[in-house]
Amino acid sequence: MTMVKRQGQPVAALVHDPAVLEDPGLLEAVTSAAQLAAANARLRAEVQTRVQELAASRRRILAARDEERRRLERRLHQGAEARLGELAATLRRGQGSAAGEQTRDQIAHAQQQLGRTLEELRRLAHGLHPRMLAEHGLQGALAALAKDLPFPVDLKVASTQLPQWIAAAAYFVCAEALTNTAKHAAAARVTVAVTASEDRLRVEIADDGVGGADPGRGSGLRGLADRVETIGGTLQVESIPGRGTRLAAEIPLGGEATRP
1 MTMVKRQGQP VAALVHDPAV LEDPGLLEAV TSAAQLAAAN ARLRAEVQTR VQELAASRRR
61 ILAARDEERR RLERRLHQGA EARLGELAAT LRRGQGSAAG EQTRDQIAHA QQQLGRTLEE
121 LRRLAHGLHP RMLAEHGLQG ALAALAKDLP FPVDLKVAST QLPQWIAAAA YFVCAEALTN
181 TAKHAAAARV TVAVTASEDR LRVEIADDGV GGADPGRGSG LRGLADRVET IGGTLQVESI
241 PGRGTRLAAE IPLGGEATRP
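The working numbering applies: residue 1 is where the sequence shown begins, and numbers increase by one.
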């Protein structure tokens, strides 16, 4: 047995036939090869460690971003939205006691403007992080999202109990895809299917629109891909001109290694 050292430190032990010692050149070549193999193994381990650290950092960033979105949603709901709701109630009382027709008309106009502002604020808060997701799960949040769209949505969601971070990822995949469909696809109908196997959640959104979507353009789909890949999943987009668009995400289930 011959010890192989690198910079004075043992890195390997070669077990060989004693005859190898009779050929110094062969022993040197084998020793060099062993040193190289050991160095490569150490480098691979270091690279793997760095990759794991980077993945963990991405998951922490994602979790922090989602928590900030939840915090902003709560602030909007409990602050600005609540105050505007109180103002709307005050206007209703004022309209009931107003003496002149012109004053009542002005109050009615103010109520309309306030109603639109409240609706826009609710949409903004919902886009940040929907309360429905925490209160009613993925099925309820997607059903609420579909009601506001200008086309019918055929919605099928597995009843599997999902961890919050996975449900959030699935929700935002659907929300971004449906928003893009409403803006660009000119679709008559959209299907959303969320199915679960033992180890994976599959989210698929398909429309019958104009197709031709380019995943490389814009930040929406790129951001979705980053979110899905951060928790160990994959995102695919198929969009042939004239044949609609299909977006599919697969997200692993049950692994703590993928948890933000």
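Note that CB positions come from ideal geometry on N, CA and C, so glycine has one too. Keep in mind that this is a model prediction, so the values were computed, not measured.
Going by DSSP, E204 is part of the beta strand (DSSP E) stretching over R200 to D207. In the three-state DSSP reduction, V157 falls in the strand class (E or B). Closest option to D214, judged by alpha-carbon separation, among F172, T117, T181 and G96: T181.
Taken atom to atom, the span from the alpha-carbon of L84 to that of Q112 is near 12 Å. A distance of 8 Å or more separates the beta carbons of I166 and V190. 8 Å or more divides the Cβ of R227 from the Cβ of A134.
Under the three-state reduction of DSSP output, S239 falls in the strand class. Around the C-beta of G115, fewer than 16 other C-beta atoms lie within 10 Å, and the residue is accordingly described as exposed. Look at R93 here: in three-state DSSP terms it is helix. If you ignore the 5 residues before and after R6, its C-beta comes within less than 8 Å of the C-beta of Q35, A38 and A39, all in its own chain and listed in chain order. Taking the Cβ atoms as the reference, V210 lies roughly 6 Å from A185, within the contact range of under 8 Å.
In its chain, beyond the 5 residues on either side, Q95 have a beta carbon closer than 7 Å to the beta carbon of A108.
Apart from sequence neighbours up to five positions away, the residues of its chain that approach S239 with a beta-carbon distance below 7 Å are G211, G212, A213 and T245, ordered along the chain.
In the DSSP secondary-structure assignment, Q9 is bridged to R6.
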